[in-house]
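Each protein sequence line maps, in turn, to chains S and G. So for the first sequence, UniProt numbering puts the first residue at 1; every next one is plus one. So for the second sequence, UniProt numbering puts the first residue at 1; every next one is plus one.
Number of protein chains: 2
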Amino acid sequence: MGSLVEELVGAIGSGRVSTEEELLARYAVDQAPIMDFQLPEAVVFAGSVKDVQAVVRLCAALNVAVVARGAGTGVSGGAHASRNCVVLSLERMNRILELNPDDETAVVEPGVINADLNEAAAAHGLMYAPDPASFRSSTIGGNVATNAGGLRCAKYGVTRDSVLALDVVLADGSLIHTGHQTFKGVAGYDLTGLFVGSEGTLGIVVGATVRLKYLPRDVHTIAAFYPDFRQAAAGVLAVGRARVQPAIMELLDGGTLAQLDDLHGSDLSSRGRSLLLIQTDGFGAAAEADVVRSVLAAGGATVSTESTAEAEQLVELRRNSRGVEVDDEYRVGEDVAVPRSRLVDYVAALEDLAATHGVSLKVVAHAGDGNLHPTFWIDRQGSAVDADAMARLNLALDASIEAALEMGGTITGEHGIGQYKLRWLGLEQPEPVRELQRRIKELFDPAGILNPGKAI
Amino acid sequence: MGSLVEELVGAIGSGRVSTEEELLARYAVDQAPIMDFQLPEAVVFAGSVKDVQAVVRLCAALNVAVVARGAGTGVSGGAHASRNCVVLSLERMNRILELNPDDETAVVEPGVINADLNEAAAAHGLMYAPDPASFRSSTIGGNVATNAGGLRCAKYGVTRDSVLALDVVLADGSLIHTGHQTFKGVAGYDLTGLFVGSEGTLGIVVGATVRLKYLPRDVHTIAAFYPDFRQAAAGVLAVGRARVQPAIMELLDGGTLAQLDDLHGSDLSSRGRSLLLIQTDGFGAAAEADVVRSVLAAGGATVSTESTAEAEQLVELRRNSRGVEVDDEYRVGEDVAVPRSRLVDYVAALEDLAATHGVSLKVVAHAGDGNLHPTFWIDRQGSAVDADAMARLNLALDASIEAALEMGGTITGEHGIGQYKLRWLGLEQPEPVRELQRRIKELFDPAGILNPGKAI
Ligand SMILES: Cc1cc2nc3c(=O)[nH]c(=O)nc-3n(C[C@H](O)[C@H](O)[C@H](O)COP(=O)(O)OP(=O)(O)OC[C@H]3O[C@@H](n4cnc5c(N)ncnc54)[C@H](O)[C@@H]3O)c2cc1C
Ligand SMILES: Cc1cc2nc3c(=O)[nH]c(=O)nc-3n(C[C@H](O)[C@H](O)[C@H](O)COP(=O)(O)OP(=O)(O)OC[C@H]3O[C@@H](n4cnc5c(N)ncnc54)[C@H](O)[C@@H]3O)c2cc1C
């Protein structure tokens, strides 16, 4: 056999294989902290299922690792290159193959951007419900591989709940179809669910049949400002006790409001130390919004009474509040989830941890799901940045993970383990459960070529 | 070692082990057709997780098959005894261990009856959404093991969508905990999903953490009678096109109406040849019901305008319309699902098949999900029952399965493969997919003692 790159070019054509230095570097990492930078041997841009099969077969024959990649918006290092690997980009496989309005399903290639699918669906009064804040850039394949959550998952469920069937290329290059084209189906084991969230370690997703939901007829958005963060967290529980199910329930703390003000020239901080953003939708949206408003006001919030236009703008800001990280900060951030009843306790614990370790805190949360993204940070420009800044940040971070686990939570609500969170996985899952997963991995990928060192 | 039964008694006590003939016979089968009747060696009634572990360990040591059993309401033979097996009943493990209204979760033992959990949840304004028509008798463990659907699954999802975490006793008697207590969690592979729907072949479910949903504030029920079955099926699509998501959308054909009339002295048949029952719920229920009514009327239905009381009674009748099978019939029935757009075609195909094979037809369908339960039958009392009645029924049945598959459907929407549907599984799933499942089974249960010959 020739060199790996020659073989790749021979298999799928030179236009689909790159070894260009700058491109290799760009495709070597996703948005997560870099722990062990590796340059891939090549990046291949699959144009078809056959391309994917050819690449995987070749890598299997040469015992070369394959790291699948969608848009590279992952924040856990799941798409970080590993040693001597080929990065297999699915981004050019971006066709919506079917959109079936009466079936309320779509069949897509893995590289379709979440927002593009939603736009196509909207033309039929439909939507693809899972909407990570990265929906304008992340791919359905990446969403499936991470079991992505999003803003409206409180009501509509996570990616898993919208995936009916998958086409998957296995580690030997063979292609299988899992699941069913129908809403329901229970023939055999749930292989579809096993691939969802497996972060490219069990197979390469080359096609997905997804269920679409109805675009809501009516949407009401409520902005509730609170004098402190804990009261805002309590607001989430109060809405739950009123037995109203909002589509969106996002919580932003004072640190986040200040940052948004800095970036957008808004004056959110002057209105409160925390913001709870709630969106109700559907035929009952107005009535639900009324209940939400009165419940929140009773809990000490200043509730928007004006048109919902401003509140909607705030939701747009929120959708962009991750990814606006400024580079002149030391920062570490996470993705824990806790049982809803512990939200207030957990928010209090975060504030205590920030104080104890002398670091700043900002938090955004998909609060309806109990899923929080706390960031601990220190301003680099400030005069008072000491040498051990990173150490203190990591102490706060580790303690925040432990606090979540103590409250019955998880170390990752939606971003996945990737590479970055492997160090905490043993705190959540005991050895027998981890061993079972290793054996499943071995069953699907005995040579260990699919995204080694990730997810489990 | 002593005999199996002695060992069982030694391990968990004589009060928990029965070899009483009549009881063995009763626990030898579920509600499915009997294909290969086997009397179990013993029935054990586990009272605790430790009991289950002890029984499984013992059976593993003696290489005896273990058939888990909830309420035995399964209709696929999943709980049928196999040769020389122990039937492991979970029905006495029926405590609701936790009900957390703020977390909106419950932790239950496997033998809790679906309706009992719902009653307990209702006291807090909550519900456990998956509601198989057997909800008054079937167990959560059985619902989990079959990934049961139900009436309100059109809006609220199937069992899988409500299960957050499981406690499972594996084939070696060890106990693992999978999943998370939070709504969302993506650490590692989805083992929880793998156990859901695995029909007791991968492990024994000894505990479940489930998510609860909000009891709807308002419910509207609409009964729409149609002159024929195909038009009623078209009504399902029309509601979808209006982008209204009912909680319940059940379709009953003329054969079913006639049977209900016989049983309950009602006069449904005189009002139409088919009935579409729709329930909207939540804050928008009234507005949604208005849209539904006008859409259905435009499609040729006679829509109930009276109070919804009568329509609600019809929903109750529907909940009981499976299980009222009369014993003086030859009959075969199934549980296919088709993509929604094919509902009308499929209903037409069923009518044609009944005519071709000279048999009667009755159909109930969870139509919102495209999930149909057609029954082909011949009256035994009738004079015209020929010798080959059963053969003709089976021809119609096989053809109905093939028609569903041709339309992109599945052989089982919610009842599971069990033992009865194994013969069709190869029509739906090609060999490589089946082989993958066999290897997963082997990984979890190398000796093959857990419910052998079922599900895959
Ligand atoms: C601004 C911003 C906001 C975000 N908001 C959210 C949010 O609200 N909710 C949320 O869940 N996440 C969020 N994320 C994280 C990220 O967008 C999601 O994890 C997303 O699903 C990744 O999609 P991607 O196409 O970028 O995949 P990538 O980052 O390229 O890959 C992610 C993982 O999936 C694997 N993978 C990718 N494609 C395939 C495939 N076809 N087959 C097999 N494996 C594959 C990769 O190997 C990797 O392990 C956010 C990220 C950013 C930067
Ligand atoms: C009148 C009637 C109406 C029905 N309506 C519906 C409906 O609307 N939707 C629907 O989906 N089904 C329906 N069914 C089928 C049946 O009720 C469901 O499959 C139900 O989930 C079975 O629960 P069970 O407790 O009776 O389980 P069983 O019948 O005892 O067992 C079912 C399967 O699960 C396994 N099992 C049971 N408990 C456990 C456990 N703890 N751990 C591991 N494996 C276990 C058994 O081995 C078997 O394979 C109906 C049945 C009847 C008779």
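Virtual Cβ for every residue (Gly too), placed ideally from N, Cα, C. Quick caveat, the model's predicted, so the values are computed rather than measured.
H264 of chain G classed as buried or exposed, judged by whether at least 16 other C-beta atoms fall within 10 angstroms: The residue in question, H264 of chain G, is exposed, as its Cβ has fewer than 16 Cβ neighbours within 10 Å.
Closer than 8 Å at the beta carbon, the chain G residues around E414 of chain S: K184 and V186
Interfacial residues, the region 233–256 of chain S to chain G, with Cβ spacing under 7 Å: Residues of the region 233–256 of chain S whose Cβ lies closer than 7 Å to any Cβ of chain G, in chain order: L237, G240, R243 and Q245.
N100 of chain S: first and last residue of the uninterrupted alpha helix (DSSP H) it sits in: N100 of chain S -> not in any alpha helix (DSSP H); beta strand (DSSP E) instead, spanning I96 to N100.
N371 of chain S: contacting residues in chain G (beta-carbon distance under 7 Å): K184
Residue of S:V196, S:L212, S:D116 and S:E428 minimising C-alpha distance to K155 of chain G: S:L212
Supposed contact pair A349 of chain S and A403 of chain S - C-beta distance, whole angstroms, cut 8 Å: Contact holds; Cβ gap of about 5 Å.
Interface residues of chain S facing S294 of chain G [CB-CB closer than 8 Å]: Neighbours of S294 of chain G on chain S: none; closest Cβ ~14 Å, over 8 Å.
Residues near E250 of chain G by beta carbon distance below 6 Å, same chain, minus five either side: L277 and R318
Amino acids of chain G, ordered along the chain, whose beta-carbon sits closer than 9 Å to that of T146 of chain S: V186
CB of Q53 of chain S within 8 Å of CB of V205 of chain S, strictly: no
Whole-Å CB distance - V303 of chain G paired with L296 of chain G, under 8 Å assumed: 5 Å
Residue span of the beta strand (DSSP E) that contains S294 of chain G, given as start and end: Premise fails: S294 of chain G lies in the alpha helix (DSSP H), A285 to A298, not in any beta strand (DSSP E).
Partner residues on chain G for Q429 of chain S, Cβ-Cβ distance less than 8 Å: A187 and G188
D335 of chain G (DSSP reduced to helix, strand or coil): strand
Cβ neighbour criterion (16 or more within 10 Å) applied to E109 of chain G: buried
Heavy atom of ligand 1 within 7 Å of H415 of chain S beta-carbon: Yes, since a heavy atom of ligand 1 falls inside the 7 Å radius drawn around the Cβ of H415 of chain S.
Minimum Cβ-Cβ distance from N143 of chain G to chain S less than 8 Å: Judged by the 8 Å Cβ criterion, N143 of chain G is not in contact with chain S.
Three CB pairs or more closer than 8 Å across the region 340–348 of chain S and the region 256–270 of chain S: No, the region 340–348 of chain S is not in contact with the region 256–270 of chain S.
Touching by the beta-carbon criterion (3+ pairs, under 8 Å), the region 189–208 of chain G and the region 138–158 of chain G: yes
C-alpha gap between R92 of chain S and G10 of chain S, whole angstroms: 19 Å
Alpha-carbon spacing of A187 of chain G relative to A68 of chain S, whole angstroms: Between A187 of chain G and A68 of chain S, the C-alpha separation is close to 19 Å.
Range covered by the alpha helix (DSSP H) that runs through L432 of chain G: Per the sequence shown, the amino acid found at residue 432 of chain G is Pro instead of Leu. Unbroken alpha helix (DSSP H) run through P432 of chain G: E431 to F444.
Selection from S:L58, S:E414, S:F283 and S:S89 that minimises the alpha carbon distance to G2 of chain S: S:L58
L117 of chain G beta carbon less than 8 Å from that of I96 of chain G: yes
G125 of chain S vs D218 of chain S beta-carbon contact at 8 Å: no
N147 of chain S versus S:G193, S:A122 and S:H373, residue with shortest Cα-Cα distance: S:G193
Ordered list of alpha helix (DSSP H) runs contained in the region 97–160 of chain S, each at least 4 residues: When DSSP assignments are scanned along the region 97–160 of chain S, the uninterrupted stretches of alpha helix (DSSP H) that are 4 or more residues long and fall wholly within it turn out to be 114–122, 140–146 and 153–156.
Closest by C-alpha distance to V292 of chain S, when choosing among S:L88, S:A311 and S:V239: S:V239
Partner residues on chain A for Y214 of chain G, Cβ-Cβ distance less than 7 Å: Absent from the structure is chain A; the protein chains it does hold are S and G.
Nearest-angstrom beta carbon gap, E310 of chain G and A223 of chain G [assumed within contact, 8 Å]: 7 Å
Nearest residue (CA-CA) to A298 of chain G, options G:F225, G:V29 and G:A120: G:F225
Selected residue, minimal CA-CA separation from V44 of chain S, among S:I34, S:L8, S:R230 and S:P339: S:L8
Span separating the alpha-carbon of A165 of chain S from that of L443 of chain S: 21 Å
Contacting residues, own chain, Cβ-Cβ under 7 Å from N84 of chain G (five flanking each side not counted): E41, V64 and A65
In DSSP terms, what I378 of chain G is bridged to: G:Y330
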